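The opening residue of the sequence shown carries number 0 in numbering that gives the first Met the number 0; numbering runs sequentially from there. Structure record follows, encoded as structure tokens.
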Amino acid sequence: MVSLPIKKRKKNHFFAQYPDFIHNPLASFSDDFKRLALERNWSYGSKTWKQKWVLCTKAEYQDLIGTDLTNFEKWQTICFKLDIRGVYSIRQAKKALSQVHINLIDLLETWDAYRGPKKFSSTRELAHYSVSTSKIYPREAAKVDPALRVLLKHLM
């Protein structure tokens, strides 16, 4: 059996504001965030924790995907990561992506991996997974981004 090399993750620019925090390039950004939250005594679900989580997820998204989604290549890349083929315009990409049920945190965490995120058969199944794993992409972080608006599902 062939083992694939582990890809090391770049440091999310959110963590740069905490120079004493030691980034683990083999950990997911959400695991690094949990560790930072423990170090900083941010209680899970507190106002500070939520604000920092929004900033962290936005930073991860911007570092990996960017914010200029007027470029079709960005949309193609997202489709490719989700194993969606045969899209030839932004409109087709949006339509295809709107029908995919994936966890956005998982998408970011598998961005540089050799596999994509798990696809769910329904919004209900995705909601159950997202809540049970506490992997919920903050709605506030997605308001101005067209790709995120397409991918974000109303879970509750």
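All residues carry an ideal CB built from backbone N, CA and C; glycine is no exception. From a predicted model like this one, the values you see are computed outputs, not experimental measurements.
query                                                                                   : result
Terminal residues of the continuous alpha helix (DSSP H) containing SER129?             : 122-132
Taking DSSP as the reference, what is the three-state secondary structure of LYS33?     : helix
So what's HIS219 in DSSP terms, helix, strand or just coil?                             : Nothing about residue 219 can be reported from this structure: the residues present for the chain run from 0 to 155 only.
Would a C-beta distance cut-off of 8 Å place ASN11 and GLU59 closer than the cut-off?   : yes
What's the gap between the Cα of ASP82 and the Cα of TYR136?                            : 21 Å
In the DSSP output, which residue or residues are listed as bridge partners for PHE119? : HIS100
With DSSP collapsed to three states, give me the class of TYR60.                        : helix
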